[in-house]
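In my numbering, the protein residues as written are 4 to 314.
Positions of the beta carbon are idealized from the N, C-alpha and C atoms, including for glycine.
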Amino acid sequence: MITPSVFILGATGQDGYYLSTYLDELGHQVIPTDDSLKLNQSPNNIEQYFSQLIKEKKPTHIFNFAALATGMGMFDDPYNMMDVNGFAVIGILEAIRKHKPDTKFCQASSSEMFGMPNSSPQNEHTHFCPRTPYGAAKLLAHNMVGIYRKHYNLYACSAILFNHESSKRSDKFVTRKVTQAAARIKLGLDKHLMLNSLDSRRDWGYAPDFVRGMWQMLQQPFADDYVIATGITHSIADLCEIAFDHVDLNYKDYVLVDSALSNRAIEGMQLVGDASKARKELGWAPSINFKQMICEMVDSDITLLRTQRIV
4 MITPSVFILG
14 ATGQDGYYLS
24 TYLDELGHQV
34 IPTDDSLKLN
44 QSPNNIEQYF
54 SQLIKEKKPT
64 HIFNFAALAT
74 GMGMFDDPYN
84 MMDVNGFAVI
94 GILEAIRKHK
104 PDTKFCQASS
114 SEMFGMPNSS
124 PQNEHTHFCP
134 RTPYGAAKLL
144 AHNMVGIYRK
154 HYNLYACSAI
164 LFNHESSKRS
174 DKFVTRKVTQ
184 AAARIKLGLD
194 KHLMLNSLDS
204 RRDWGYAPDF
214 VRGMWQMLQQ
224 PFADDYVIAT
234 GITHSIADLC
244 EIAFDHVDLN
254 YKDYVLVDSA
264 LSNRAIEGMQ
274 LVGDASKARK
284 ELGWAPSINF
294 KQMICEMVDS
304 DITLLRTQRI
314 V
């Protein structure tokens, strides 16, 4: 039996970190990434890079987690967004097709592809209608994965990921922003947290669970796309209540709302994932719930602040 050798594009990010850790525990080889690689090159340049990688390293699996961030930056630099989150995937697929077509490829797709969905919850058959450059770029990549799977018979699949969080999440995202604020306020380092809304709801899951689901996707006899989600939404107010209550504080005393900070479009039908297919075919299920995840993140932020000798 061949020991898997895995290339993770975006290995230094949240998902890359947890997948690398998970694969190390399984005894699989993770091929070091080249952090100098710029994905806003032409697809031909990306193809040349991956062609060389594939010929030298012969990876059995490739995961693409590299992407420009979501959150408040989804409308920033749409040209670069399309290059990095969309066109670069074509270069990866071409390199696989030409040099090692038995390589298994997983693209990290996004619930942002649904945009303004016509039904809720969303599954693999829900109509895509992105409303941001980020979602449009991800949909381009998602469609190309499907084309290469059907036309060239590549083992290429897309994980349609809903929001997933952890202590490795950037503080540009609201979950980490809140847990970090709760920790800092508890330790006397800040006095309040400013947010633009408490009403928005998201289907938030646990990042280690999501990367486990993506690995399970590539263990199936045939490539296919799967929604990975919890199927449960929580509001930002719920998030704040859990995070601050965990450190014996009332969030209402510390969280301020400034609607002028918001530049996101008005939300329509609720984004919430239906992962029935992943549960049935992959045997996938979340290992912890939302409250456990947020409390773990707060504890991690407190430990981090103390380790940094800030307090």
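Helix, strand or coil at F247 [DSSP, three-state]:
For the purposes of this step, residue 247 is taken as the residue at position 244 of the sequence shown. If DSSP states are grouped into helix, strand and coil, F247 belongs with the helices.
Length of the line joining the Cα atoms of D277 and V260:
The residue you call residue 277 lines up with position 274 of the sequence shown. The residue you call residue 260 lines up with position 257 of the sequence shown. The alpha-carbon atoms of D277 and V260 are separated by roughly 31 Å.
Looking only at its own chain, which residues have a Cβ that is under 6 Å from the Cβ of N266, when we skip the five neighbours before and after it?
The count along the sequence shown starts at 1 and reaches residue 266 at position 263. At N266, the pLDDT of 49 sits below 50, so the modelled position is not reliable; the number obtained from the coordinates is stated separately. Once the five neighbours on either side are set aside, N266 has no close Cβ partner at all.
Please return the same chain residues whose Cβ sits closer than 6 Å to the Cβ of N292, not counting the five positions on each side in sequence.
In the sequence shown, counting from the first residue as 1, residue 292 sits at position 289. The answer is none, since no qualifying residue turns up.
On the DSSP letters alone, give me the boundaries of the alpha helix (DSSP H) that C298 sits inside.
For the purposes of this step, residue 298 is identified with residue 295 of the sequence shown, where counting begins at 1. Looking at the DSSP string, the run of the alpha helix (DSSP H) that includes C298 is 293-310.
The alpha helix (DSSP H) with L143 in it runs from where to where?
On the sequence shown, position 140 is the one that residue 143 refers to. Its alpha helix (DSSP H) spans residues 136-155.
Apart from the five residues on each side of it in sequence, which residues of its chain come closer than 7 Å, Cβ to Cβ, to V315?
The displayed coordinates of the chain run from 4 to 314. Any statement about residue 315 would go beyond what the structure contains.
Which residues in the same chain as I305 place their Cβ atom closer than 6 Å to its Cβ, once the five residues preceding and following it in sequence are excluded?
For this step, residue 305 is matched to residue 302 along the sequence shown. Result list for I305: A186, in chain order.
Pair within 9 Å by beta-carbon distance, K58 and K107
Within the sequence shown, residue 58 is the residue found at index 55, counting from 1. Within the sequence shown, residue 107 is the residue found at index 104, counting from 1. Contact flag unset, no.
Rounded to whole angstroms, what is the Cα-Cα separation between S238 and R205?
Residue numbering aside, residue 238 sits at position 235 when the sequence shown is read from its first letter. Residue numbering aside, residue 205 sits at position 202 when the sequence shown is read from its first letter. Between S238 and R205, the C-alpha separation is close to 7 Å.
Start and end residues, alpha helix (DSSP H) containing M116:
Walking along the sequence shown from the start, residue 116 turns up at place 113. Per DSSP, M116 belongs to no alpha helix (DSSP H) and is neither H nor E.
First through last residue of the alpha helix (DSSP H) which encompasses I235
Residue mapping note: residue 235 aligns to position 232 of the sequence shown, counting from 1. Careful: I235 lies outside any alpha helix (DSSP H) and carries neither H nor E.
Helix, strand or coil for I57 per DSSP?
Mapped onto the sequence shown, residue 57 falls at position 54. Reduced to three states, the DSSP call for I57 is helix.
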